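Quick notes on the structure that follows.
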Amino acid sequence: MREHELELIAALAEGRLEDETDARALLASSEEARAEFEAQVSALTALSATSPVMMSPTERAGLHRDIWTELHSPMPVPSTPSSKPWYYRWMPVAAGMFVLVGLVAVLSQDGLETFVAADQGAAVTTSLASSETTDAVAEELDGGDDSGGGEAGGETVTESPTNTVAEAGDGDASAQAPPAAAAFYSAEADELREDEESRSLQLGGLSTTELADCLERAGLDGYEVREANPTPDDQGDPDADVPEEAVPYLAAIPSGEELATAEVVFVALETCEVIHVDR
Amino acid sequence: MTTPAQEAELLARVVDGDHDAFTEIMRSHEDRVFSVCLRIMGNRDQALDATQETFLTTFRKAGQFKGNSALGTWIYRIAVNTCYDQLRKQKRRKTDPMPDHLDPTDHSAQDAVDAAGLRPEIRRALAAIPEDFRTAVILSDIEGMGLPEVAEILEIPVGTVKSRVFRGRRLLAGELGNQSV
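If you read the protein sequences in the order shown, they are chains G and S.
FYI, the numbering for the first sequence is 1 to 279, going by this note's numbering.
FYI, the numbering for the second sequence is 1001 to 1181, going by this note's numbering.
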């Protein structure tokens, strides 16, 4: 069913429509629409029977006591915003990664390892899926200073972070991650798309704030998280073939798009960098 | 209801260490924070812990509030994330991976049922649906928050909230139907 039809059904079930003609016509013409409507009404009816909850006077007094005890004992002071935005720390790393990815995309489809080994002396690992890459590039650019503060090692950023997915998508997406890991991520993307209806949203116990922060740092504005997997090597299936190069990740798609046809972007949880794009 | 300017002034006083201002903020929002925490946690003690942690975090981060949303929305966002964090810690600590109130087969948790203001079958049905859908349904349909406010709290687009609420209700209805079979 189309999105506007589902919205119409929801509005009818919630009693928000001034004119129910279109909604009633939809129900009359579609058995699926009637089933959806009945499910919405059933759930709303059940939920309307919930009782309001309040703290008892004892609970309230205990809450206040505990809070003030905590606040009074080591004289906490509310934190003030730091003088520089949080992303200043990551700008040198982001600058280095964008330059590296851009050079790879221009120079070679499959020569990332060869290029880095030949020209850099293999100090930087080739796998964007490895957290060592971030540290190595940071050292290359900052001379080991990871305190951030915006003092990049001479590299200037011209690309916007939002170019990350486009750059990652140029050419062979598997150049982002080692082939074995890329195949693993692609298989995960296929599984995600196939099980859209029956599969529950798996966030691996991570908070939405953490995941949203990671999306933002990856430059994925307008994307939404569909899955997070902090332990890809612990799939619960002893026969699962998880390559060693696979790292903890989140999978995101453009907001508002159908999962079945959307591109799935994989972001490493440790570095919040795009490691694979599956289309 | 306080205006944005009044909220900003209150927070500025909190940053300066004015505990009376913080008391005023607490009294304005503690009931709803507790209600949200109780619906998510399903246990009064855990909800009180989460409520306490929420306000402690609010106090500590008062200087970081940017005013992009209403103060209440910001506090409820902290509350939801605090509950998620506590549920995650519980799952790691316990040998049984699911807290009692989230175990749909645990019929012994009758206290949690009444304490959370939910009928047993609704509690079990909610426990059986994915966490993100469950939270969206709790905030929208039980707490009565508007979709834009839920979107701000969960830091997701309004369209995603609509989708999660719609699908959450659908799944909830399915679970309730299964229980009645």
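Beta carbons are placed, not taken as given, at the ideal position from N, Cα and C, and that holds for glycine.
Model, not experiment: these values are computed from the prediction.
Backbone CA spacing between residue 1164/S and residue 1035/S [nearest angstrom]
21 Å
So, are the CB atoms of residue 46/G and residue 1176/S less than 7 Å apart?
yes
Closer than 7 Å, CB to CB, is residue 73/G near chain S or not?
no
For residue 1031/S, does the three-state DSSP call read helix, strand or coil?
helix
Run through DSSP, which three-state label would residue 1040/S get?
helix
Roughly how many angstroms lie between the CA atoms of residue 1196/S and residue 179/G, to the nearest whole one?
With chain S running from 1001 to 1181 in the structure shown, residue 1196/S is simply not present.
Coarse secondary structure for residue 226/G, derived from DSSP in three states
strand
Shorter than 7 Å from the beta carbon of residue 1157/S to some beta carbon of chain G?
yes
If you draw a straight line from the alpha carbon of residue 55/G to that of residue 1042/S, how long is it in whole angstroms?
14 Å
May I have the straight-line CA-CA distance separating residue 181/G from residue 1033/S, to the nearest angstrom?
43 Å
Show which residues of chain G have a CB atom less than 9 Å away from the CB atom of residue 1081/S.
207, 208, 209, 210
Near residue 1063/S, which residues of its chain fall below 6 Å by C-beta distance, leaving aside the five closest residues on each side in sequence?
1015
Can you find a CB in chain G that lies within less than 7 Å of the CB of residue 1034/S?
yes
Starting from residue 42/G, find everything on chain S with Cβ-Cβ shorter than 7 Å and list it in chain order.
1173, 1176
Can you find a C-beta in chain G that's less than 7 Å from the C-beta of residue 1065/S?
no
Short Cβ contact (7 Å threshold) for residue 275/G with residue 266/G:
yes
Using a Cβ-Cβ distance under 7 Å, would residue 198/G count as near chain S?
The pLDDT assigned to residue 198/G is 47, lower than 50, so where the model puts this residue is not dependable; a value taken from the coordinates is nonetheless given after this. Cβ-Cβ to chain S under 7 Å: no for residue 198/G.
From residue 97/G to residue 249/G, what distance separates their C-alpha atoms?
18 Å
What does a CB cutoff of less than 6 Å around residue 1071/S pick up in its chain, not counting 5 residues either side in sequence?
1007
Alpha-carbon to alpha-carbon, residue 39/G and residue 1173/S:
5 Å
Is the Cβ-Cβ distance between residue 37/G and residue 27/G less than 7 Å?
yes
Kindly indicate if chain G contains any beta-carbon less than 7 Å away from that of residue 1141/S.
yes
In angstroms, rounded to a whole number, what distance separates the CA positions of residue 33/G and residue 42/G?
14 Å
Taking Cβ positions only, does residue 51/G come closer than 7 Å to chain S?
yes
Could you give the distance in angstroms between the alpha-carbon of residue 1073/S and the alpha-carbon of residue 1171/S?
27 Å
Would you say residue 259/G faces chain S, with C-beta separation under 7 Å as the test?
no
Secondary structure at residue 254/G, three-state DSSP: helix, strand or coil?
strand
Could you say which of 1179/S, 1156/S, 1060/S, 1048/S lies nearest to residue 1125/S if we only look at CA atoms?
1179/S
Pull out every residue of the region 15 to 41 of chain G whose Cβ sits closer than 8 Å to any Cβ of chain A, in chain order.
In the structure shown, chain A does not exist; the protein chains are G and S.
Cα-Cα separation between residue 73/G and residue 58/G, rounded to whole angstroms
22 Å
Would you check if the region 215 to 228 of chain G and the region 255 to 266 of chain G touch, i.e. whether three or more CB-CB distances between them fall below 8 Å?
yes
For residue 1090/S, which of 260/G, 245/G, 206/G has the nearest alpha-carbon?
206/G
Distance, Cα to Cα, residue 1058/S vs residue 214/G?
22 Å
Terminal residues of the continuous beta strand (DSSP E) containing residue 268/G?
264 to 268
If you run the structure through DSSP and keep just helix, strand and coil, what is residue 1142/S?
helix
Could you check where the alpha helix (DSSP H) with residue 1015/S kicks off and where it finishes?
1004 to 1015
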